[in-house]
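Numbering (my numbering), first residue to last: 24 to 373.
Backbone N, C-alpha and C define an ideal beta-carbon position, used for all residues, glycine too.
Please read all numbers here as calculations on a predicted model, not as lab measurements.
One structure is given here, and the rest of the page talks about it.
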């Protein structure tokens with residue numbers, strides 16, 4: 024006696040299709056069920072599981088399987104991408120792979136976060152009250168909810184990290200909100216804090232951001248750090264092409280700009296004490312160059328014109344000597360303190 028042939032997969036599908044074409048559908052189905060249904064009563068519990076097909080209880084099985092895969096086959100990613108309801112239930116390990124093949128879908132996740140960042144008054148207050156803020160840069164990053172959510176979306180994915188940077192640039196170009204320059208800087212330093220080497224090794228501005236982060240923490244840019252920055256610009260192509268967009272945004276970060284301005288006035292005090300002309304001081308020239316780069320950040324990001332702004336000789340020949348004159352005049356009456364020049368600093372940044 025021949026063993027029964029199970030009508031599973033293509034075999035059963037073809038036979039059913041043939042019968043439905045030749046016979047009345049209702050009758051064909053009944054006849055097929057009588058001929059091929061399971062006879063054993065023990066199989067009844069298994070038959071009850073059929074109602075779970077497509078239900079969440081079973082969906083978790085393939086999802087868990089895919090979650091453990093570093094590279095999910097493109098076929099399955101495309102299916103998940105087309106089923107938004109199912110894709111939404113996936114963990115971030117799977118979502119990131121979906122977003123890598125669907126940049127628009129990822130941007131739709133990032134846009135609302137950047138909009139909320141711009142409107143976040145607590146973050147804005149931090150930037151407006153830098154002198155009295157006691158938060159260290161690393162602590163500021165830890166308490167930035169938008170930054171932390173972005174890091175969760177990105178994980179260790181280089182395409183998603185680069186895509187996030189693109190969106191930050193785009194928002195800055197459109198809004199001119201300098202808080203986005205802070206976010207650009209914090210993204211670099213956040214991957215540094217977390218030691219995500221896959222991203223750090225592909226971040227051209229990592230060293231620049233690290234030096235500025237150290238200077239912001241110290242509250243001033245020392246002569247040693249100025250030399251570090253000069254060497255960095257000489258050894259890396261940071262002033263060419265798109266890298267210039269990121270460089271200028273990092274410098275335009277209000278925390279970096281404020282540190283630069285404080286350093287300029289501290290350097291001027293040093294020049295006064297040592298009777299050195301501003302136009303002869305290389306450190307002052309270097310700090311001024313960095314400030315000028317920061318102040319053209321939005322123009323460069325917006326126009327994609329990657330050119331270095333010409334040196335503003337008026338600063339070295341007129342503005343700085345005026346500050347020197349004011350300091351010397353005030354020294355005759357009382358001990359000078361750099362905080363007395365808050366109005367001058369404010370005007371300097373306009």
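Leaving out the 5 sequence neighbours to the left and right, which residues in its chain are closer than 7 Å to residue i when beta-carbon positions are compared?
i	result
residue 125	104
residue 15	As shown, the chain starts at 24 and ends at 373. That puts residue 15 outside it, with no answer to give.
residue 245	none
residue 161	216
residue 393	Outside the shown range of the chain, which is 24 to 373, sits residue 393, and nothing can be said about it.
residue 229	211, 215 and 223
Can you give me the Cβ contacts of residue i inside the same chain, cut-off strictly under 6 Å, excluding the 5 residues immediately before and after it?
i	result
residue 95	89 and 120
residue 138	none
Leaving aside the five residues before and after residue i along the sequence, list all residues of the same chain whose C-beta is less than 8 Å from its C-beta, in chain order.
i	result
residue 307	287, 290, 291, 294, 301, 339 and 343
residue 324	192, 195, 196, 268, 271 and 272
residue 350	291, 292, 295 and 359
residue 41	none
residue 135	none
residue 304	290 and 294
Assuming residue i contacts residue j under a Cβ cut-off of 8 Å, what Cβ separation, rounded to an integer in Å, is found between them?
i	j	result
residue 222	residue 214	5 Å
residue 232	residue 208	6 Å
residue 332	residue 319	5 Å
residue 133	residue 100	Between residue 100 and residue 133 the Cβ distance is about 20 Å, and since that is not below 8 Å, they are no contact.
residue 227	residue 186	About 16 Å separates the two Cβ atoms, so there is no contact after all.
residue 254	residue 329	That belief does not hold up - the Cβ atoms of residue 254 and residue 329 are roughly 21 Å apart, past 8 Å.
residue 225	residue 181	6 Å
residue 234	residue 252	6 Å
Going straight from the alpha carbon of residue i to that of residue j, what length do you get?
i	j	result
residue 6	residue 183	For residue 6 there is no data in the structure shown, the boundaries of the chain being 24 and 373.
residue 314	residue 270	11 Å
residue 123	residue 54	49 Å
residue 279	residue 84	49 Å
residue 258	residue 87	46 Å
residue 210	residue 163	12 Å
residue 337	residue 347	14 Å
residue 335	residue 311	9 Å
residue 130	residue 188	11 Å
residue 281	residue 114	41 Å
residue 179	residue 46	58 Å
residue 242	residue 169	25 Å
residue 92	residue 107	20 Å
residue 142	residue 116	30 Å
residue 249	residue 283	10 Å
residue 146	residue 140	8 Å
residue 49	residue 127	47 Å
residue 322	residue 309	21 Å
residue 51	residue 97	39 Å
With a floor of 4 residues, list each alpha helix (DSSP H) that falls wholly inside the stretch 168-222, ordered by position along the chain. 168-177, 181-198 and 202-216
Could you tell me which whole alpha helix (DSSP H) segments of length 4 or greater appear in the stretch 306-366? 320-326 and 343-354
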